[in-house]
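For reference, the structure is listed below as structure tokens.
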Amino acid sequence: MSEVIRLEVLRYHPETDSEPHFQSYTVPYSDDWVVLDALNHVKDHLDATLSYRWSCHMAVCGSCGMMINGESKLSCHTFLRDYRGGVIRVEPLDHFPIERDLVIVMDSFMDKLSAVKPYLIPKEEKPLSAGEYLQSPGEMQTFHQYTQCINCLLCYAACPQCGLNEDFVGPAALALAHRYNLDSRDGGKSTRAEVVASNEGIWECTFVGACSQVCPKHVDPAAAIQQTKISASVDWLTDLLKPGAHR
Amino acid sequence: MSRRPYVRQVERSWWLRQPRYVLYMIRELTSLFVGLYGALLVVGLVRLSQGHAAWDGFVAAFSGPLGVAFQLVCLFFAIYHSVTWFALTPKAMPLMMKGEPVPGVVIVGAHYVAWAVVSIIVLFGAGM
């Protein structure tokens, strides 16, 4: 018999289950298979009722984030060969409600993301005839890494603060806010500060650093948040000291 | 089809689940000892302001085996706290020079140099 590997998958059906439970599947082992391939094998050949999100199979779409042996990972980016001889335990991303099986409810993240206004808010609106908002390569480099975020939510699943306080804006949204605050074409920093510099924003972060360690795109949300803390503190102090700025 | 999302509770032992969380909690714990040593310094200042006898009593109390052991424990945790903080500084304080990012090792190294300089000044001031 050719080599196999065992998956233990957390299942939850909202209409029939009162709570989630693990179900085991034995799938063929292949050196070049990732966990997503194994799940697709289950779906296609063993159990068509298994639900999970995926799309691109190449770490670009950010859909297939899951807890794999307790670590948040993209299942398309996690090879079976790294678990050879063992059991692979697959669960939905931590710190999110389970919609069904491995599918999480991500509404809270979508609300937080839109709350930080992750888009360019120009310092001053220009008419089309005035041309583009220009930027040098050096100016672009200051924020480039943060543009790599694919909203896969691995950082939210790795961050203990996200689990302990559901209102925490969280790593990805704060990193994206930082991305636009750093952009030389942007003038929306003070507008974003209402959410970013609130108690549920950067100040809820205690610099565990797990967000940056699990990011599959090498974004560094922990760094973004610490830099925002410094910048927000400077802004607060400046406002305090500026004549007539406080009453 | 009705929606009935299942919410999982975070266990109290969440920090034991991964080595990175344990290391984080140890670092948080070190703050307690840094704070305790800070409190010790404040008490020392108060005793100093109360005169020679009070100060001598304070010094004697912390020169015994227990006092020295307490200070050694605080020193160990303060060093752990400082070293782990220095390791994080390139994230919190990235620098750009001539359009290029300054390498992390330079930022961390500068903190060690500053630590050494301040320590030498303090030791010099203490008459060593």
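Protein chains in written order, with numbering that gives the first Met the number 0: chain A, 0 to 246; chain B, 0 to 127. Using N, Cα and C, we set each Cβ at its ideal position, and we do this for glycine too. Note that this is a predicted model, so its numbers are computed, not measured.
Using a Cβ-Cβ cutoff of 8 Å, what residues of the region 199 to 211 of chain A are near chain B? List them in chain order.
205, 206, 207, 208, 209, 211
The beta strand (DSSP E) that contains residue 21 (chain A), what's its start and end?
20 to 27
Residues near residue 110 (chain B) by beta carbon distance below 7 Å, same chain, minus five either side:
85, 88
Helix, strand or coil at residue 67 (chain A) [DSSP, three-state]:
strand
Using a Cβ-Cβ distance under 8 Å, would residue 114 (chain B) count as near chain A?
no
For a cutoff of 8 Å on Cβ pairs, would you count residue 101 (chain B) as touching chain A?
no
Bridge partners of residue 89 (chain A), per DSSP?
A:8, A:67
Residue-level contact to chain B via CB, residue 73 (chain A), 8 Å cutoff
no
Unbroken alpha helix (DSSP H) run spanning residue 203 (chain A), endpoints:
Careful: residue 203 (chain A) lies outside any alpha helix (DSSP H) and carries neither H nor E.
Does DSSP classify residue 132 (chain A) as helix, strand or coil?
coil
Considering residue 46 (chain B), what are the terminal residues of the beta strand (DSSP E) in which it resides?
Per DSSP, residue 46 (chain B) belongs to no beta strand (DSSP E); it is in the alpha helix (DSSP H), 18 to 48.
Closest Cβ-Cβ distance between residue 104 (chain A) and chain B: below 8 Å?
yes
I want to verify the contact list: residues of chain B whose CB lies under 8 Å from the CB of residue 221 (chain A), in sequence order.
90
Between residue 7 (chain A) and chain B, is there a C-beta pair that is closer than 8 Å?
no
Proximal residues to residue 35 (chain A) (C-beta, below 7 Å), its chain only, five neighbours per side dropped
53, 56, 63, 74, 75
Determine, for residue 93 (chain B), whether the minimum Cβ-Cβ distance to residues of chain A falls below 8 Å.
yes
Start-to-end residues for the alpha helix (DSSP H) that takes in residue 191 (chain A):
188 to 195
Taking 8 Å as the threshold (C-beta atoms), are residue 159 (chain A) and residue 97 (chain A) in contact?
no
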